[in-house]
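Notes follow once the structure below has been shown.
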Amino acid sequence: MVKETVKTGRRSLRQLVPPIDLAGRIERSSRTDRPIRALAKAVRQRIGPGPLRDLLHGVPLGKPLHPPLATLTVGCMFTTAVLDMVKADPRATRAVLLTGLGGAIPTAAAGITDWSSLHREQQRVGLVHAAANLAAVGLYTASLVMRLTGRERAGRALSYAGLAAAGAGGYLGGHMAYRQAAGANHAEVVTHLVPLGWHDLCALKDLPDGRPVARRLGYIDLFVLRVGETVTVLADRCSHLAGPLHQGRLVAENGTTCVVCPWHGTTFRLSDGAVVHGPGTAPQPSFDTRIRRDGIIQVRPSHT
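When we follow this note's numbering, the leftmost residue of the sequence shown carries the number 1, and every step to the right adds one.
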């Protein structure tokens with residue numbers, strides 16, 4: 001009887017106070033789609049293809065650049081609040097706050113560059129995420145001004161408000177990263193999906209010459225390109241946002257053949273799956289190939 005009463009009470013409480021899925025509501029709302037389209041297009045045009053865009057995506061690092069920069073910036077903001085609470089030396093607090101504000105500039109540049117090449121649902125959440133962070137930067141900037149003019153109490157109040165805004169932005173950023181998988185590696189890690197050894201894929205004669213196609217090996221979709229007697233095989237789902245690479249176009253980069261993802265333009269080197277241009281940063285899993293005497297192509301995951 002007691003257990004039944006407790007269960008009934010829990011159901012009633014949940015009915016009275018339902019969970020609020022704020023990020024989910026933002027994700028499903030199409031009200032901001034028009035400004036998102038315009039802003040994303042403007043960002044892509046302003047930061048065109050090239051070394052700067054690749055740097056902001058994090059291609060030279062092999063990892064997205066935005067998360068570590070955001071960690072530095074938010075860490076400084078949180079540290080400012082801690083220093084305020086323990087009434088530390090105002091000069092130390094101002095130095096930490098100024099460091100955080102300085103880090104906000106490259107953090108925002110990397111974030112908006114990544115944001116411009118995401119799916120629409122991710123961009124909806126990202127727009128509000130950016131607005132919250134912009135509000136945080138504005139409040140912390142005002143806090144610094146108050147502190148420099150001797151109004152420490154007002155400066156502390158503004159920094160606490162800025163931390164609240166940064167917390168809201170961090171919540172939405174976490175939703176993008178962990179629920180929507182923005183910035184995650186979407187290419188299958190093939191080493192645990194494919195048993196050791198060589199595996200039959202298809203007959204060489206069944207592949208068109210010079211045109212990539214999709215083939216399946218167990219649970220994995222593969223990008224397969226035949227050029228004469230040479231066969232190149234990569235995982236087909238783009239590591240950026242799982243676009244179908246076999247529908248992409250082939251290009252030459254510094255004399256090396258590459259494939260460009262049809263969704264957001266990440267460019268992979270065919271010889272080893274390395275990223276040549278972003279927005280993706282994770283390499284594409286590649287496969288060793290060989291052809292049996294009877295013309296059957298065999299593949300295995302490459303470990304080089």
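The C-beta atom is built at its ideal place from N, Cα and C for all residues, glycine as well.
If you're wondering where the values come from, they're calculated on a predicted model, not measured in any experiment.
In the DSSP assignment, A274 falls outside any beta strand (DSSP E) and carries neither an H nor an E. Across the set A132, L134, A166 and D21, the C-alpha of A166 shows the shortest separation from the C-alpha of C76. About 5 Å separates the CB atoms of A214 and D236; that is less than 8 Å, so the two are in contact. If you draw a straight line from the Cα of I36 to the Cα of L201, it comes to about 43 Å.
Residue burial is scored here from C-beta neighbours: E229 has fewer than 16 other C-beta atoms within 10 angstroms and is therefore classed as exposed.
Annotation: Q122 is outside any beta strand (DSSP E); the continuous alpha helix (DSSP H) that includes it extends over R120 to L148. Residues of the same chain with a CB within less than 8 Å of the CB of R216, apart from the 5 flanking positions on each side, are L222 in chain order. With a threshold of 16 other beta carbon atoms within 10 Å, G50 falls short and is exposed.
The continuous beta strand (DSSP E) containing V231 extends over residues T230 to A235. Take K205, set aside five residues on each side of it, and the residues of its chain with a beta-carbon closer than 7 Å to its own are G295, in chain order. Here DSSP, grouped into helix, strand and coil, assigns D206 to helix. Setting aside the 5 residues that flank it on each side, L127 is surrounded in the same chain by T32 and I36, each with a C-beta closer than 7 Å to its C-beta; the list follows chain order. With respect to P64, H57 sits close: the two C-beta atoms are nearer than 8 Å. According to the DSSP assignment, Q45 belongs to no beta strand (DSSP E) but to the alpha helix (DSSP H) extending over D33 to R46. Between P262 and G280, the C-beta spacing is not below 8 Å.
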